[in-house]
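Chains as they are written, first to last, in this note's numbering: chain H, 293 to 400; chain P, 17 to 128. C-beta: ideal position from N, C-alpha, C; glycine also. Model, not experiment: these values are computed from the prediction.
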Amino acid sequence: AQRVTQPEKLLSVFKGAPVELKCNYSYSGSPELFWYVQYSRQRLQLLLRHISRESIKGFTADLNKGETSFHLKKPFAQEEDSAMYYCAAFQGAQKLVFGQGTRLTINP
Amino acid sequence: ETGVTQSPTHLIKTRGQQVTLRCSSQSGHNTVSWYQQALGQGPQFIFQYYREEENGRGNFPPRFSGLQFPNYSSELNVNALELDDSALYLCASRPPQDYGYTFGSGTRLTVV
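What follows is the structure, given as structure tokens:
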């Protein structure tokens, strides 16, 4: 079954430390992968997608097809990065499947 | 660009009642999806509409139904409400050939 797994429900790091949010997917073929973010009292918004190979707000995500992973990384965390992060996968013009989400807290 | 707008923002209904939630998408966004997000969970796909026809459905019973209109608005209808239907309902839309959805702020439904 198509599945996106985020193994950490909660992640807490100190400001300035590196951060990595893990995401694994279970799909046959090559899904399109996304990271969405939800800041406090704001709507869910697209952070980045793997086909763009871009860096948004200092975050990058590398697709590893061998490990079926799409981990989100940032070298130096900032307090404004505190939010809920969701990994999501999309394949074949069908539904966008979300992971359970990771709540990231950046401590001062 | 006006984004995706959902109404109402909050709603309280009694078990057994029916509810209609509304969504207004951006012009050109001919695909709209609805999601249910329970507390502490990721969004769960309910169904998707493309050019006013349902073209994908998640694991939700038939009492969850929808409509999409030519003016890029859509509705989610839920009949015979159950307590477990209490959740945040999200509408998301996208233009053709772009799979990055734009989400609305959601409607918080409470069934008592």
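Which runs of the beta strand (DSSP E), 3 residues or longer, sit entirely within the region 80–125 of chain P? Runs of the beta strand (DSSP E) lying entirely within the region 80–125 of chain P and spanning at least 3 residues, in chain order: 80–84, 89–94 and 103–110.
Are the C-beta of F362 (chain H) and some C-beta of chain P separated by less than 9 Å? Here residue 362 (chain H) refers to the residue found at position 70 when the first sequence is read from its first residue. At a cut-off of 9 Å between C-beta atoms, F362 (chain H) does not count as an interface residue with respect to chain P.
When Cβ atoms are compared, which residues of the region 337–352 of chain H fall closer than 8 Å to chain P? Result list: Q337, L338 and R341.
Ignore the nearest five residues each way along the sequence and tell me which others in L355 (chain H)'s own chain have a CB closer than 7 Å to its CB. Your numbering for residue 355 (chain H) matches position 63 in the first sequence. Around L355 (chain H), the same chain offers L325, H342 and F362 as residues with beta carbons nearer than 7 Å, after the five sequence neighbours per side are excluded.
According to DSSP, is H342 (chain H) part of a helix, a strand, or is it coil? Taking the first sequence and counting its residues from 1, the one referred to as residue 342 (chain H) is at position 50. Reduced to three states, the DSSP call for H342 (chain H) is helix.
Closer than 7 Å by C-beta to P299 (chain H): which residues in its own chain qualify, once you throw out the five before and the five after it? Chain order, please. What you label residue 299 (chain H) is simply residue 7 of the first sequence in a count that begins at 1. Counting only Cβ-Cβ distances below 7 Å, and skipping sequence neighbours, we find K314.
Which residues in the same chain as E17 (chain P) place their Cβ atom closer than 7 Å to its Cβ, once the five residues preceding and following it in sequence are excluded? Your numbering for residue 17 (chain P) matches position 1 in the second sequence. Legend: pLDDT at E17 (chain P) = 48, less than 50; position of this residue unreliable, no value from coordinates given.
From the beta carbon of R295 (chain H), is the nearest beta carbon of chain P less than 9 Å away? Translated into positions along the first sequence, residue 295 (chain H) becomes position 3. Answer no: the Cβ-Cβ gap between R295 (chain H) and chain P never drops below 9 Å.
When the distance is taken between beta carbons, is G32 (chain P) closer than 9 Å to K387 (chain H)? Here residue 387 (chain H) is taken as the residue at index 95 of the first sequence, counted from 1. Here residue 32 (chain P) is taken as the residue at index 16 of the second sequence, counted from 1. Not a contact, by the Cβ cut-off of 9 Å.
Do the region 47–63 of chain P and the region 94–106 of chain P meet, that is, are 3 or more Cβ pairs less than 8 Å apart? Counting Cβ pairs under 8 Å, three or more are found: they touch.
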